[in-house]
Amino acid sequence: MIRPATPDDVPAVIGMIRDLADYEKELDKVQTTPEELREALFCDSPAVFCHLATERDELGEEKPVGFALWFLTYSTWVGRHGIHLEDLFVHPDHRGGGHGRQLLAELARICVERGYGRLEWAVLDWNTPSIEFYRSLGAVHLDEWDMYRLTGAELEKLATR
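Just so we're aligned, residue 1177 is where the sequence shown starts under the numbering used here, counting upward by one.
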């Protein structure tokens, strides 16, 4: 089942964020606290959103097994909003069951329903299983685009110019 996250899901989402960071060999970079994530997702005017893939356990309780965390973008060329998928993660022991595809299908449904023009995301160049999965859905690699980022001291330095 795919559904929007609730405040009660924040601990599970934080756990999956840490699992994703560990998979990407960047666990030491995770700074997000449950309080910060709760505020970002459930404030009066959230700018970030989260959907969960869930399964029922042996007791019939719903348990999160994956998540998609996303936010809106805007394309001046297309003239419409789009969705940027920040994180997509499915627990390793639940992969291959269609959860990732269902999460992406839900975001695609939101795009179509709301008239958004794009669903975009980034993937690490060494993450071959994910790249193959995305290509199987018809996603294309944007060869001519490279991402850039400012953080920390460099961000602060530029802000004071």
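Where a beta carbon is used, it is the ideal one built from N, C-alpha and C, also for glycine. Fair warning: this is a prediction, and the values are worked out from it, not measured in the lab.
*Taking C-beta to C-beta, are L1261 and W1297 nearer than 8 angstroms?*
yes
*State whether the stretch 1248-1263 contacts the stretch 1286-1295, with contact taken as three or more CB pairs (one from each stretch) at a distance under 8 angstroms.*
yes
*What are the partner residues of W1297, as DSSP defines its beta bridges?*
L1261
*Extent of the continuous alpha helix (DSSP H) run through K1205*: Premise fails: K1205 is in no alpha helix (DSSP H) and is neither H nor E.
*Taking just the CA atoms, how far does C1226 sit from F1247?*
9 angstroms
*Distance between L1217 and G1272 (C-alpha atoms, nearest Å)*: 28 angstroms
*Is it true that the stretch 1265-1280 meets the stretch 1232-1251, where meeting means three or more beta-carbon pairs spaced less than 8 angstroms apart?*
yes
*When you compare each of Q1207, A1188, L1334, L1235 to L1228 by their alpha carbons, which one comes out closest?*
A1188
*asked:* For a test of the three-state rule: what should DSSP assign to P1180, helix, strand or coil?
replied: strand
_Is the beta carbon of I1178 closer than 8 angstroms to that of E1282?_
yes
*Whole angstroms is fine: what's the gap from D1322's alpha carbon to L1300's?*
12 angstroms
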